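Contents: one structure, followed by commentary.
In this note's numbering, the protein residues as written are 46 to 533.
If you want it as structure tokens, here you go:
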């Protein structure tokens, strides 16, 4: 690890980007990411074997009295006899076909993917020289991240990787509170190391403070991901916000951006909360979105399931119509959606996940010009449905109505997406009202033509001071309907 730390310092010293916020503010979001609107998150790992509760099984199974704790005792026996590490040999991934996965993601209309490289449980889904506890050495005995990256290059998708490693500082700590396999002495390099006490949830970002030894290990693992796989996006989970992580976070960003300069590539870091100084990376909102359009690029990460990020036998799936509506809302506000799926332990993608992805892909095949490469219009939306801003706000459907319309522009066209198409075929768009005697018009442009993406019918329309009034007779759809409005 010492040699790796020296390499990191050398790259920072000799590169354009230094490990200061001032230097990192030279960063610009690449054009490919501005144009990209839809990516696939993949939570797949050892936690997919028990497939119970959520991807936090490795933590919760050691919390006495929890559902996972009781389930583990009943199903696998005492924790000192069968611990989390004992799931690794069961994680064989015998049906994992990376080409099949990537073909499905392309069919869904995705432009980038984000496999979890290492979750809180500390198991690396790639070939690591820093820890033996990885998928190349154990379990599947395959370089999962490397194989997916190779297929991405074949099919033209951007490859990413997410690291949730920093939370491993405390993630296994409850196992020290009773007789379990975690109670044995731990040293650097052990699977469960360091298993420290979990912070008070009222003071998550200050105590306890991770040690320098752990943070150096974290930094080297992140930089190893960069060097081995050249990901175009790195996603970090929430605890990088901790004050003690910030110096190491700056070092990572400088290293990553400098290495990308060496490759001749443009890359992205996704972060939550205020872990990065604004403008040095791209902000991400977990299971939520902004209420209004933003002048900066942002991302939502959410999942096809409401209750879990990984596959569980009791997953509660969202309606693909609701996901498409949220995608449109997010894109209209200068965001992009990173949508998670959870493969089964054997490497198959559940039929429910695949169905949702294919439904999204069908809609994007017809309506993609309103999404891919689109820009924010002067107004992002109209209609009565208000978006609750912030994280963890997507567990229930928004209840969009026929008056909820979202706008994007692409080339010389304005796109108006009606999120719930009315049965009577009559749509009123107030944002496109004409001028009247007493008020400036909301929209000065001259409308040359209106068509409907995916439908042959030519809509009838009129325009007055109350809005643009469109009428169709044959258009019916459970999914959002998009009007393409050509302007003069």
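Backbone N, C-alpha and C fix where the C-beta goes; we use that ideal spot for every residue, glycine too.
What you are looking at is a predicted structure, and each value in this text was computed from that prediction instead of being measured.
### Task
Take residue 427 as the anchor and find which of 108, 345, 283, 338 has the nearest alpha-carbon.
338
### Message
Please report the straight-line C-alpha distance between residue 356 and residue 102, rounded to a whole angstrom.
### Response
11 Å
### 7 Å Cβ cutoff met for residue 416 and residue 376
yes
### Query
What's the gap between the Cα of residue 256 and the Cα of residue 449?
50 Å
### Query
When you compare only the Cα positions, how much space is there between residue 432 and residue 334?
8 Å
### Task
Could I get the ranges of all uninterrupted beta strand (DSSP E) runs contained in the segment 129 to 196, with 3 residues as the minimum, in chain order?
157 to 163
### Query
Can you pull the DSSP bridge partners for residue 380?
343
### Task
Compute every distance between the C-beta of residue 528 and the non-hydrogen atoms of the ligand HEM, then say whether any falls below 6 Å.
With respect to the ligand HEM, the structure shown offers nothing to examine, as it has no ligands at all.
### Query
Can you check whether the CB of residue 327 is closer than 7 Å to the CB of residue 412?
no
### Every unbroken beta strand (DSSP E) within the segment 428 to 461, with a cutoff of 3 residues, ordered by chain
450 to 455
### Message
Less than 7 Å between C-beta atoms, sequence neighbours within five positions excluded: which residues of the same chain meet that for residue 176?
### Response
169, 234
### Task
Could you check the C-alpha separation between residue 468 and residue 505 for me, to the nearest Å?
16 Å
### Query
What do you reckon, are the CB atoms on residue 88 and residue 284 nearer than 7 Å?
no
### Query
Counting along the chain, where does the beta strand (DSSP E) carrying residue 320 start and finish?
Segment: none, residue 320 is in no beta strand (DSSP E) and carries neither H nor E.
### Message
Can you give me the C-alpha to C-alpha distance between residue 478 and residue 532, rounded to a whole angstrom?
### Response
14 Å
### Query
When you compare each of 440, 150, 422 to residue 459 by their alpha carbons, which one comes out closest?
422
### Task
Locate the alpha helix (DSSP H) running through residue 202, then write down its first and last residues.
Looking at the DSSP string, residue 202 is not in any alpha helix (DSSP H), and its letter there is neither H nor E.
### Message
Looking at the strands, I want to know which residues DSSP matches up with residue 508.
### Response
513
### Task
Go ahead and label residue 440 buried or exposed: buried means 16 or more other beta carbons lie within 10 angstroms of its beta carbon, across all protein chains shown.
exposed
### Query
Of the choices 511, 510, 502, whose alpha-carbon is the least far from that of residue 518?
502
### Message
Between the alpha carbons of residue 418 and residue 455, how many angstroms are there, rounded?
### Response
7 Å
### Message
Pull the bridge partners of residue 280 from the DSSP assignment, please.
### Response
207, 315
### Query
Which class does residue 478 belong to by DSSP, given the choice of helix, strand or coil?
coil
### Whole-Å CB distance - residue 303 paired with residue 346, under 8 Å assumed
That belief does not hold up - the Cβ atoms of residue 303 and residue 346 are roughly 26 Å apart, past 8 Å.
### Query
Near residue 49, what residues of its chain come up, given a Cβ to Cβ distance below 6 Å and the 5 sequence neighbours on each side ignored?
265
### Nearest neighbour of residue 443, chosen from 295, 332, 508, 246 [CA to CA]
332
### Task
For residue 135, count neighbouring Cβ atoms within 10 angstroms of its own Cβ and tell me buried if that reaches 16, exposed if not.
exposed
### Among 198, 322, 287, the one whose alpha carbon lies nearest that of residue 244
287
### Task
Using the Cα positions of residue 408 and residue 129, report the straight-line distance between them to the nearest angstrom.
41 Å
### Query
If we call anything under 7 Å between Cβ atoms a contact, is residue 138 one with residue 387?
no
### Query
Do residue 462 and residue 525 have their CB atoms nearer than 7 Å?
yes
### Query
Smallest Cα separation from residue 378: which of 294, 212, 451?
451
### Query
When the distance is taken between beta carbons, is residue 383 closer than 7 Å to residue 159?
yes
### Task
Specify the secondary structure class of residue 53 as computed by DSSP and reduced to three states.
helix
### Task
Please check if any C-beta of chain D sits within less than 7 Å of the C-beta of residue 228.
No chain D is present in this structure, which holds just one protein chain.
### Segment limits, alpha helix (DSSP H) that includes residue 464
Note, residue 464: premise wrong, no alpha helix (DSSP H); not H, not E.
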